[in-house]
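Each residue of the sequence shown is one higher than the one before, counting from 956 in our numbering.
Every residue, glycine too, gets a C-beta built ideally from N, C-alpha and C.
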Amino acid sequence: ALLAWLATLSIFGMLTLPTLYTFVFLIALAAMPYGPALNSTIPSLVQASRLTAANAAIQSTATLGMLCGPAISGATVALLGVGHVLYANAATFLLAAFCKMPIRVNSEAPSPNLRGTSGGWINELAAGFRLVFVEQRIIFRVALLGALFTLASTGFIFLLPIITKNILSGGPMALGVMWSALGLGMILMSVLLMSIARRTLVDHLLPISAGPVIEGLAIVGLAAVDGFVAALGLVIVIGAGTALVMPLITAFIQATAPQETRARALTIFGTITMVSAMAGMTAFSWAADHLGSRIALVVLGVVQMMAGVIGVVFTQSSELQTNLASRSDDHPSSKSDTGIT
């Protein structure tokens, strides 16, 4: 509805810059619940061993959309105009909503520890914070790992045009090839994750830690090369590392959080990573301007490797391993009797 209204204002020449900012804010506000709601229903649709594959499948479609969307939008805007493209965009959201209507989600029995948390949005919010920060601090620690990972990953995405211009001396065509290489790495890793079933929470720990280390090494290597082909290969590796961690962390939270507070836990996780992403955009853009592109890349790679090292220290704790093994056996979402009905 907001997009259709925006399209109408554009066609009739009534769209102003403040109005556009307002609509962008409202559209972002309306879209915010979608991600946590979608991710919280996945454990009720697939077996626990397929959570990572399901998250990777969603990530792959999102990556394809990010790669193809700008090109399709640019071509259609040139052909039809902005207003008509906004109408088409609104229709795609409506079509997506209709596609989800046939889905039926299995319900899980309420957790005894969480019964009676209803009674207003304040109590619901408090229950989510209590779960993440008090009752299951494992989720909070994993969310912090994800935030540190996102800090560097988002920073790299925003530095890629600067890297292409200042380090590789490339133009728009070279930047397009670099974006394609980054997307290719993400798609390849998503396909690999879709083909692998991780049956326990403990199985997620090593890749969550190894992914940032590998990506960080590739980022530091990119700062040391001048050849376009070598840089292209490193960007593919970086894209693969970017796509590795988040489906695993999301699956970890999906399998750990009870159904009643799963969406709230995922929302808190999303908020933490969003703040981290904004910090990464700002900090590493500033570093590139004031310290130089190569130094900014090295710092970025070191931060990413730090995320992996912290993850190794955290995930190799014997107490954590025992805790997660017991959760894999006891938590309802770890059982294999869930499915689409």
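### Query
Nearest to Ala1212 by CA position, among Ala1098, Val1146, Leu1143, Gly1196, is which residue?
Here residue 1212 refers to the residue found at position 257 when the sequence shown is read from its first residue. Measuring from the Cα of Ala1212, the nearest candidate turns out to be Ala1098.
### Task
Look at Ser1248 and Ile1118 and say whether their C-beta atoms are less than 7 Å apart.
The sequence position of residue 1248 within the sequence shown is 293, counting from 1. The sequence position of residue 1118 within the sequence shown is 163, counting from 1. Against a cut-off of 7 Å, the Cβ pair of Ile1118 and Ser1248 comes out as a contact.
### Message
What ranges does the alpha helix (DSSP H) occupy inside the stretch 1120-1181, keeping only unbroken runs of at least 4 residues that lie completely in it?
### Response
1127-1149, 1160-1179
#### Entry: Local Cβ density within 10 Å of Ser1150, reported as buried at 16 or more and exposed below that
Taking the first residue of the sequence shown as 1, we reach residue 1150 at position 195. By the neighbour-count rule (16 or more Cβ atoms within 10 Å), Ser1150 is not buried but exposed.
### Query
What is the rounded straight-line gap between the Cα of Gly1110 and the Cα of Met1236?
Taking the sequence shown and counting its residues from 1, one reaches residue 1110 at position 155. Taking the sequence shown and counting its residues from 1, one reaches residue 1236 at position 281. Going by the C-alpha atoms only, they are around 5 Å apart.
### Query
Contact check, Phe1183 vs Ile1208 under 8 Å by CB: the rounded distance?
Indexing the sequence shown from 1 puts residue 1183 at position 228. Indexing the sequence shown from 1 puts residue 1208 at position 253. Contact doesn't hold; Cβ gap of about 39 Å is too wide.
### Query
Leaving out the 5 sequence neighbours to the left and right, which residues in its chain are closer than 6 Å to Met1201 when beta-carbon positions are compared?
Start at 1 with the first residue of the sequence shown, and residue 1201 comes out as number 246. None.
### Query
Touching or not, the stretch 1179-1194 and the stretch 1036-1047, by the rule of three or more beta carbon pairs under 8 Å?
no
### Message
Among the candidates Val1268, Phe1095, Val1254, whose CA atom is the shortest distance from the CA of Ala1107?
### Response
Position 152 of the sequence shown holds residue 1107. The shortest Cα separation from Ala1107 among Val1268, Phe1095, Val1254 belongs to Val1254.
### Query
Does the beta-carbon distance from Ala1218 to Thr1105 come in below 7 Å?
Working through the sequence shown from its first residue, we reach residue 1218 at position 263. Working through the sequence shown from its first residue, we reach residue 1105 at position 150. In this structure, Thr1105 does not lie closer than 7 Å to Ala1218 by Cβ.
### Task
Consult DSSP for Ala962 and reduce its assignment to one of helix, strand or coil.
For the purposes of this step, residue 962 is taken as the residue at position 7 of the sequence shown. Helix, per DSSP.
### Message
Between which residues of its own chain and Pro1167 is the CB-CB distance below 6 Å, once the five residues before and five after are set aside?
### Response
Taking the sequence shown and counting its residues from 1, the one referred to as residue 1167 is at position 212. The answer, listed in chain order, is Phe1104, Gln1259, Ala1262, Gly1263.
### Query
Closest to Ala1195 by CA distance: which of Glu1215, Ala1210, Gly1171 is it?
Taking the sequence shown and counting its residues from 1, one reaches residue 1195 at position 240. The option with the nearest alpha carbon to Ala1195 is Gly1171.
#### Entry: Whether Leu1022 touches Gly1101 by CB criterion (7 Å)
Walking along the sequence shown from the start, residue 1022 turns up at place 67. Walking along the sequence shown from the start, residue 1101 turns up at place 146. Not a contact, by the Cβ cut-off of 7 Å.
#### Entry: Member of Ile1191, Thr974, Leu961 whose CA lies at the smallest distance from the CA of Val1040
For the purposes of this step, residue 1040 is taken as residue 85 along the sequence shown, with counting starting at 1. Closest option to Val1040, Cα to Cα, is Leu961.
### Message
For Leu1189, which residues in the same chain have their Cβ closer than 6 Å to its Cβ, ignoring the five residues on either side in sequence?
### Response
Start at 1 with the first residue of the sequence shown, and residue 1189 comes out as number 234. Counting only Cβ-Cβ distances below 6 Å, and skipping sequence neighbours, we find Ala1173, Gly1176, Leu1177.
### Query
Taking only runs of the alpha helix (DSSP H) that begin and end inside the stretch 1187-1266, which ones reach a length of at least 4 residues, in chain order?
1214-1246
### Query
Going by the beta-carbon positions, is the gap between Leu1038 and Ile982 smaller than 7 Å?
The count along the sequence shown starts at 1 and reaches residue 1038 at position 83. The count along the sequence shown starts at 1 and reaches residue 982 at position 27. The residue asked about is misnamed: residue 1038 is Gly in this sequence, not Leu. No, the pair does not count as a contact, with Cβ atoms beyond the cut-off.
### Task
Please report how far the alpha carbon of Leu975 lies from the alpha carbon of Ile1265, in whole angstroms.
As a position in the sequence shown, residue 975 is number 20, starting the count at 1. As a position in the sequence shown, residue 1265 is number 310, starting the count at 1. When rounded, the distance between both Cα atoms is 42 Å.
### Task
Can you grab the Cα-Cα spacing for the pair Pro1116 / Ile1191, in whole Å?
Indexing the sequence shown from 1 puts residue 1116 at position 161. Indexing the sequence shown from 1 puts residue 1191 at position 236. Using only the alpha carbons, I get a separation of about 15 Å.
### Query
How big is the Cα-Cα spacing for His1245 and Phe1084?
By one-based count along the sequence shown, residue 1245 stands at place 290. By one-based count along the sequence shown, residue 1084 stands at place 129. His1245 and Phe1084: Cα-Cα distance of roughly 38 Å.
### Task
Kindly indicate the opening and closing residues of the alpha helix (DSSP H) around Leu1049.
Walking along the sequence shown from the start, residue 1049 turns up at place 94. Taken as a continuous stretch (DSSP letters only), the alpha helix (DSSP H) holding Leu1049 covers 1037-1055.
### Message
According to DSSP, is Arg1085 part of a helix, a strand, or is it coil?
### Response
By 1-based counting over the sequence shown, the position of residue 1085 is 130. Arg1085 falls in the helix class under three-state DSSP.
### Query
Should Ser999 be labelled buried (16 or more other beta-carbon atoms within 10 Å of its own) or exposed?
Residue numbering aside, residue 999 sits at position 44 when the sequence shown is read from its first letter. Per the 10 Å Cβ criterion, buried.
### Message
Taking only three categories from DSSP, how would you classify Ile1058?
### Response
As a working mapping, residue 1058 is identified with position 103 in the sequence shown. Reduced to three states, the DSSP call for Ile1058 is coil.
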